[in-house]
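There are 2 protein chains.
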Amino acid sequence: MSSQAPHPTLLIPGPIEFDDAVLQSMSHYSESHVGAGFVKIFGETLSLLRQVVRSTDPNAQPFIINGSGTLGWDLVAANLVEAGEDVLVLSSGYFGDRFADCLTQYGAKVTKLDGPVGGVPSPAEIEKALSEKKYKLVTATHVDTSTGVLFDLKTLVQSVKKVSPDTLVIADGVCSVACEELAFDDWGLDGVITAGQKAIGAPAGLSISFFSARAVEVAHNRKIPAAAYFANMKNWTPIMKNYEAGKPSYFSTPSPQLIHALNTAFKQLLANGIEKRIAKHVEVSDYVKESIAKLGLKPVASKKEDQSHAMTAIYLPEGVGATDVLPKLLSKGVIFAAGLHATIGPKYIRFGHMGISAVNSNRGDIDKALNALKESLGECGYKA
Amino acid sequence: MSSQAPHPTLLIPGPIEFDDAVLQSMSHYSESHVGAGFVKIFGETLSLLRQVVRSTDPNAQPFIINGSGTLGWDLVAANLVEAGEDVLVLSSGYFGDRFADCLTQYGAKVTKLDGPVGGVPSPAEIEKALSEKKYKLVTATHVDTSTGVLFDLKTLVQSVKKVSPDTLVIADGVCSVACEELAFDDWGLDGVITAGQKAIGAPAGLSISFFSARAVEVAHNRKIPAAAYFANMKNWTPIMKNYEAGKPSYFSTPSPQLIHALNTAFKQLLANGIEKRIAKHVEVSDYVKESIAKLGLKPVASKKEDQSHAMTAIYLPEGVGATDVLPKLLSKGVIFAAGLHATIGPKYIRFGHMGISAVNSNRGDIDKALNALKESLGECGYKA
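So the protein lines, in turn, are chains A and B.
The numbering of the first sequence is full-length UniProt numbering, which starts it at 1 and goes up by one.
The numbering of the second sequence is full-length UniProt numbering, which starts it at 1 and goes up by one.
Okay, structure coming up:
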């Protein structure tokens, strides 16, 4: 039995439902941010992040900072690119476009390759682009939360190593870390930025990121210092190293409560091996996709290989609007999210199946949601 | 009886002890950041911030963003100053110096006026500086957490209005909001930046700020767009306005748990009128200063009018080091902070007396701390 007050089941692509233990970790009594107890917890949490992204390189660097997924873009844009340098942004939706906006805001010269709606730019297009210009970095959204499109990072890194090996490869893993396969070292990534409130299952409020040794070097050896202070990696690197080494350190006050919750969430998701957890997300995602197909509905991500396992963006039947369906779902105790894409916004809804709702099938969240969806569409006059 | 596990009393200058109700607010079940329930709470919290800083100007703008006090400096430096513009920083310690560093990082031309150790730059020096150059803004640390020095913001604004009325006046209120008198409208301030974990009594993890209508205009009418994304006021202003108007809005996911805790903290501190709460902090601070004088100890802030009511930085007796006293205090269940000032670092300790520890005298936190201090110094061989 959950200790949480009764509430509708939150199945948007983040924030997600909390495990009781994670939520209760937030209620930790107040501690000094430089006291022995918190230093130990924070240091341990940073080390756990290495396991979550599957890196054993001691020179790669985890960062956990008060903020959000968005702040991760700033870390990349402010520190790894200098004004006027070229960046290739691979976009499969709203969040790829926003990453491009952030980079542009900091003065990067952005070339954006867009996939078709519900798809990704092709490897051939990407290789062509990489061969035409010297890019400082290339970014890809591992799962674009606006479309539920999964990006093949492994193949991307292979292309980059072949065509332009000095280019850094940065993944936006906000909606993928802890639910999609991700092997930082094996694939050869240079950065993954994420947040606590999606598949990791912690409360919102943290920017969580991980950078390769060469990315950290780029940040620390800029020609022109980064015009950022809070988002300046040079200010944070020694702090993170100290905490992980068990030494108190101060640049800006971290949030002990959020770190406690993240620590619990990390331990839970690593307890049985992260591979198992990811396999469970794949299983649940396959089940969701099959179930909506039976309802006669189509995912926005049209090709199987482009479909994320974190969430499903679902096209609504002709004549049924999101503003009709979402309140009906809510009346049945299920919260989905509205569309968030410039072209197809009102035509689809988003179903997040991450974390405890996917992993703990005893909760029945997924079937509850699928049943509520079927009923709600029926009430809108739709029959599968 | 507190519902919190037994723990040493945290009396550093933030984070501070939590009220149970504030801490429990963090355990709220997961909500959509754009759902009706959270939109109402967030909007209300923004409106409550107006009351906390005593502003009734509908065109002044509250901001509550995942972050920390430090991020408030970025908001000021990234948005209100353009590269090469002059800024006058009034410093009474480490945090004034750091604000200057942040402004410099963003390209501002900083002139720093330092007070003597334990004091503030004089009004005459400030007026002289203001008359020598056209400053885009002047910043002052209301309470410098490194020294416990209080800055007279009211007189500062009067000087600026007289000598350089176009100059914006920005206060770092991280360690002053909710424990020192602060009248945003009456005094004519243009910005106050603060954080949740000091006198407000909420958990760390939020950057809380408030800007005058003319400051917001400066941010929105820059010659060159701010090279910042997460810390860009233009990205946040419409979001904050929407939430306060009860409309869901999205730029970056806020932390519902932290906002719930902040909402509870704000309601508590406004419940009996903020003036009463501030008067109580003055009373407790006076008592602490008298008590340490009886122990033969001196505050770092030497003049009465320069002494903050949030905390007391206390010089240790000759021959007694912070590394001797702090562990002895901890063994008696009291946590003070070490010194944090370039010149006098090891010679003093810091005692935070904010929030529930000051306001709720039934807890006995203050006397417990004073007794522990007396005993600890005795164990170090010091006799008053």
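Glycine included, every Cβ here is placed at the ideal spot set by N, Cα and C.
Could you have a look at residue i and say whether DSSP puts it in helix, strand or coil?
| i | result |
| --- | --- |
| B:D190 | coil |
| A:F210 | strand |
| B:K109 | strand |
| B:L137 | strand |
| A:P123 | helix |
| B:S308 | coil |
| residue 391 of chain B | Any answer about residue 391 of chain B is impossible in this case: the structure gives chain B only from 1 up to 384. |
| A:D114 | strand |
| A:F38 | helix |
| B:A271 | helix |
| A:Q158 | helix |
| B:F351 | strand |
| A:Y315 | strand |
| A:I12 | coil |
| B:D152 | coil |
| A:F336 | coil |
| A:F18 | coil |
| A:N232 | coil |
| B:N263 | helix |
| B:S91 | strand |
| B:P299 | strand |
| A:P238 | helix |
| A:N221 | coil |
| A:I344 | coil |
| A:L80 | coil |
| B:P62 | strand |
| A:V143 | strand |
Check the C-beta distance from residue i over to residue j and give it rounded, since I have them as a contact under 8 angstroms.
| i | j | result |
| --- | --- | --- |
| B:P346 | B:A322 | 6 angstroms |
| A:D20 | A:G201 | At roughly 11 angstroms, the Cβ-Cβ gap does not stay under 8 angstroms, so A:D20 and A:G201 are not in contact. |
| B:G191 | B:S212 | 7 angstroms |
| B:P203 | A:S32 | Not really, about 13 angstroms apart at Cβ, beyond 8 angstroms. |
| B:V157 | B:V149 | Actually they do not touch by this definition, with Cβ atoms about 18 angstroms apart. |
| B:L270 | B:V52 | 7 angstroms |
| A:L11 | A:A219 | No, A:L11 and A:A219 are not in contact; Cβ-Cβ is about 37 angstroms, not under 8 angstroms. |
| A:H281 | B:Y29 | With a Cβ gap of about 22 angstroms, A:H281 and B:Y29 do not count as contacting. |
| A:L373 | A:L330 | In fact, because the Cβ distance is near 12 angstroms, the residues do not count as touching under 8 angstroms. |
| A:V359 | A:R277 | 6 angstroms |
Can you check whether the CB of residue j is closer than 8 angstroms to the CB of residue i?
| i | j | result |
| --- | --- | --- |
| B:P62 | B:F210 | yes |
| B:S207 | B:I314 | no |
| B:V138 | B:T104 | no |
| B:S285 | B:H309 | yes |
| A:G188 | A:K161 | yes |
| B:I349 | B:G339 | yes |
| B:F95 | B:T145 | yes |
| A:A199 | A:M354 | yes |
| A:I356 | A:T9 | no |
| B:G93 | B:T155 | no |
| B:G72 | B:I224 | no |
| A:S176 | B:T253 | no |
| residue 389 of chain A | A:A178 | Absent from the model: residue 389 of chain A. The displayed extent of chain A is 1 to 384, so no value can be given. |
| B:T141 | B:D101 | no |
| A:K289 | A:Q307 | yes |
Members of the segment 236–262 of chain A near chain B, C-beta cut-off 9 angstroms: Residues of the segment 236–262 of chain A with a C-beta atom less than 9 angstroms from some C-beta of chain B are Y250, F251, S252, T253, P254, S255, P256, Q257, L258 and A261, listed in chain order.
What residues in the segment 61–77 of chain B have a beta carbon less than 8 angstroms from any beta carbon of chain A? From the segment 61–77 of chain B, only N66, G67, S68, G69, T70, L71, W73, D74 and A77 have a Cβ closer than 8 angstroms to chain A.
Near-chain A residues of the segment 18–34 of chain B (beta-carbon distance less than 9 angstroms), N- to C-terminal order: Of all residues in the segment 18–34 of chain B, F18, L23, Q24, M26, S27, H28, Y29, S30, E31, S32, H33 and V34 have a Cβ within less than 9 angstroms of some Cβ in chain A.
What residues from the segment 215–230 of chain B come within 8 angstroms of chain A, judged by C-beta to C-beta, listed N to C? From the segment 215–230 of chain B, only P225, A226, A227, A228, Y229 and F230 have a Cβ closer than 8 angstroms to chain A.
Would you list, in chain order, the members of the segment 98–113 of chain A that have their beta-carbon closer than 8 angstroms to a beta-carbon of chain B? So the list reads D101, C102, Q105, Y106 and G107, given in the order they occur along the chain.
State whether the segment 308–325 of chain B contacts the segment 361–369 of chain A, with contact taken as three or more CB pairs (one from each stretch) at a distance under 8 angstroms. No, they do not touch.
Count the CB pairs spanning the segment 80–90 of chain B and the segment 235–252 of chain B that are closer than 8 angstroms, and state whether there are at least three. Segment contact: the segment 80–90 of chain B against the segment 235–252 of chain B, fewer than three CB-CB distances shorter than 8 angstroms; contact not assigned.
Does the contact criterion of 3 or more C-beta pairs under 8 angstroms hold for the segment 249–265 of chain A versus the segment 6–17 of chain A? In short, these stretches do not touch, since the Cβ pair count stays below three.
Could you name the residues of the segment 271–303 of chain A whose beta carbon sits closer than 8 angstroms to any beta carbon of chain B, in the order they occur along the chain? Against chain B - using a Cβ distance shorter than 8 angstroms - the segment 271–303 of chain A contributes no residues.
Given 8 angstroms, three or more beta-carbon pairs between the segment 124–136 of chain A and the segment 176–193 of chain A: Output reads no: the segment 176–193 of chain A does not touch the segment 124–136 of chain A.
Touching or not, the segment 219–239 of chain B and the segment 40–48 of chain A, by the rule of three or more beta carbon pairs under 8 angstroms? With fewer than three CB-CB distances shorter than 8 angstroms, the segment 219–239 of chain B does not count as touching the segment 40–48 of chain A.
Using 8 angstroms as the threshold, is the segment 107–120 of chain B in touch with the segment 368–377 of chain A, meaning 3 or more CB pairs across them? Taking a cut-off of 8 angstroms on C-beta distances, the segment 107–120 of chain B does not touch the segment 368–377 of chain A, as fewer than three cross pairs fall below it.
Going along the chain, which residues of the segment 198–215 of chain A sit with their C-beta nearer than 7 angstroms to a C-beta in chain B? P203, A204 and G205: these are the residues of the segment 198–215 of chain A whose beta carbon lies less than 7 angstroms from some beta carbon of chain B, given in chain order.
Using a Cβ-Cβ cutoff of 8 angstroms, what residues of the segment 341–374 of chain A are near chain B? List them in chain order. Within the segment 341–374 of chain A, no residue has a Cβ lying closer than 8 angstroms to any Cβ of chain B.
Anything in the segment 306–318 of chain A with a Cβ closer than 8 angstroms to a Cβ of chain B? List those residues in chain order, please. Result list empty, no residue passes.
Give the residues from the segment 141–173 of chain B that approach chain A closer than 9 angstroms (Cβ to any Cβ), ordered along the chain. For the segment 141–173 of chain B, which is checked against every Cβ of chain A, not one residue is closer than 9 angstroms.
The segment 34–49 of chain A: positions lying closer than 7 angstroms to chain B by Cβ: Residues G35.
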